[in-house]
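Going letter by letter, the sequence shown gives residues 365 to 929 in my numbering.
Note that beta-carbon positions come from the ideal geometry of N, C-alpha and C, so glycine has one too.
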Amino acid sequence: MSDAQSNRVKPGTEPASHFDAVIVGAGFSGLYMLHRLRRLGLSVRVYEAGGDLGGTWYWNRYPGARCDIDSMNYSYSFSHELEQEWKWTERYATQPEILSYLNHVADRFELRQDIQFETRVTATVFDEATNRWAVQTDGGAHVSARFVIMATGCLSATKVPDFKGLDTFQGTRLHTSRWPHEGVDFTGQRVGVIGTGSSGIQVIPIIAEQASHLFVFQRTPTFSVPARNAPLDPAYESRMKETYAEYRRKARETRAGVIMEVNPKSALEVSPEERERAYQARWEVGGTSFLATFSDVMANRDANETAAEFVRSRIRATVRDPAVAEALCPRDYPLGTKRICVDTHYYETFNRDNVTLVDVRASPIEELTPTGIRTRSAEYALDCIVFATGFDAFTGALFNIDIQGRANASLKRKWADGPRSYLGLSIAGFPNLFTITGPGSPSVFGNAIVSIEQHVEWISDCITYLREHRLECIEATAQAEDEWVSHVKEVAGRTLYPLANSWYIGANIPGKPRVLLPYAGGVGAYRKKCEAIAAQGYEGFTLTRAGEAFSTPPPLPSSRIPSQR
């Protein structure tokens, strides 16, 4: 253990009970938020459930885990020196390398001293008499803070299906997002993987290389494009570092927070031959820029189908068994409306003699038995079951905390019919509570780090504004919240996203309201809106001074939320 790692707050040793801010989570969001608030001179405590920092990159350490955003983009931009000194080794960084990067950031900026690990926040309640949040942890600590900032991440609350007989299985049970830190050796084992989303697609080829036999239990096939991962080209790295500042500025103005060449043509206005060549060229480059092959792939169902059929043709060309290839071809939702995956030899894995695809849509899993999995038509003897079943996205981590605002209003009850927020940042009735990349913001519809930095900087600038104007509380108005929720819904309706039963709309969680959780209006347009709101003295918010009674403000004369097309 390094000196930096030992210089941390330990559970049960809380030295203070009053802070300017409490941050929940020590991943990319929480670390940068801590850094910004400390620069403002605020007293801050970060609570992190994990044994160390990293957030999703601490927990998701399954074999093959890596980012699907190019590593030169998937990094902080707030420090020129940090940008220049860190060297990525691959086009798509692995989980260990990303975790090393975050540890380097924490060491460089001496962040660990304000982080308490192995500590879950269980409740936070707003006290209207003091305008402070009372925060409680699972270790029994009770502290108060002027501001509470949820840096809990969009994909942090794991989902394990409630299969009959789940606890009767006598072999090893694993979840991709709670992987043992000591690793797992599958040599000689019969392994079942349930789930073929992003985590499953990354872990399946690796397990297949070790296991005596691998059974892949697939309910819904996933569109995946090749990563074409490779060692990072030093010349490319040098060019990027020379122009990083300008590159980052332009990236923030794009739709997805990443600069990629978007073909202005429609997929429907070119000949079949030209369309095939364009798709093939993007396929060879690899990565999610495949979605930008034509301008209307994500906007027009017919155009989308041309791209989807190209991917299906590549699956058929790769997988030797025609029946298996067809089972791997998605057909009941548009390409990209579920998270498109980026893989290394995923489809090739199904050519191995020791890999069997089990279609659980045709023959559903009925129960886990002491020795394996039984479907409607067969039973599979297994030594290990890996759940690659994803997350209760956006809201799950927040609902794991008892969050109560004014008049002890429960966030969980307020969001019973779907999340409601202003900009994905603030919630009416919950003063001085901020959600970094919360529902109603672009977040997972682009480069998450760009959205994280934008939110952290907006929040820290907002707190600076409050201090400079001697204001104590900021809270979204109900009208602004209503208008933003309506706007998010209206923009979603102009996209293809509602056509898929995805975690984007909560369809993977039984009983969860079907609402498009991220904002589909684009990173650049969203940023401009947030900047305009701040420039207008935080329009849509109620700001109060110490000792000033809160009252519901009159309605705004008109809505200035744009219809972004």
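Between residue 454 and residue 435, the C-beta spacing is below 8 Å.
Counting other Cβ atoms within 10 Å of its Cβ, residue 415 stays below 16 and is therefore classed as exposed.
Nearest Cα to residue 631 within the set 601, 673, 599 and 596: 673.
Comparing alpha-carbon positions, the option among 809, 383, 874 and 857 lying closest to residue 620 turns out to be 809.
Your pair residue 579 and residue 733 does not check out as a contact, with CB atoms roughly 14 Å apart and the cut at 8 Å. In chain order, 537 and 556 place their CB closer than 6 Å to the CB of residue 749, counting only its own chain and leaving out the 5 sequence neighbours on each side. Shown here for residue 572: same chain residues with a beta carbon closer than 6 Å to its own, the five before and five after excluded, namely 578, 713, 716 and 719 in chain order. For residue 459, no beta strand (DSSP E) run applies; the uninterrupted alpha helix (DSSP H) run containing it begins and ends at 459-472, by DSSP. Excluding five sequence positions before and after residue 865, the CB atoms of its chain that fall closer than 6 Å to its own CB belong to 871, given in chain order. Between the alpha carbons of residue 385 and residue 660 lies a distance of about 44 Å.
Shown here for residue 886: same chain residues with a beta carbon closer than 6 Å to its own, the five before and five after excluded, namely 619 in chain order.
Look at the stretch 684-771 and you find these whole runs of alpha helix (DSSP H), each 4 residues long or longer: 686-691, 710-713 and 760-763. By DSSP's assignment, residue 797 forms a beta bridge with 512. The stretch 453-470 makes contact with the stretch 591-600: 3 or more CB pairs, one atom from each, lie closer than 8 Å.
Residues 656 and 659 of the same chain have their beta carbon placed closer than 8 Å to that of residue 626, with the five preceding and five following residues left out of the count. Counting along the chain, residue 578 sits inside the beta strand (DSSP E) bounded by residues 577-582.
Scanning the stretch 795-866 for uninterrupted alpha helix (DSSP H) segments of 4 residues or longer gives 812-832 and 842-856, listed from N- to C-terminal end.
The alpha carbon of residue 760 has as its nearest neighbour, out of 567, 890 and 875, the alpha carbon of 875. According to DSSP, residue pairing for residue 387 in a beta bridge involves 410 and 513. Proximity to residue 752 across 629, 565 and 411 peaks at 565, based on C-alpha coordinates. In this structure residue 552 is exposed. Its beta-carbon is surrounded by fewer than 16 other beta-carbon atoms within 10 angstroms.
The beta-carbon separation of residue 763 and residue 840, rounded to 19 Å, does not stay under the 8 Å limit for a contact.
DSSP lists 750 as the beta-bridge partner residues of residue 538.
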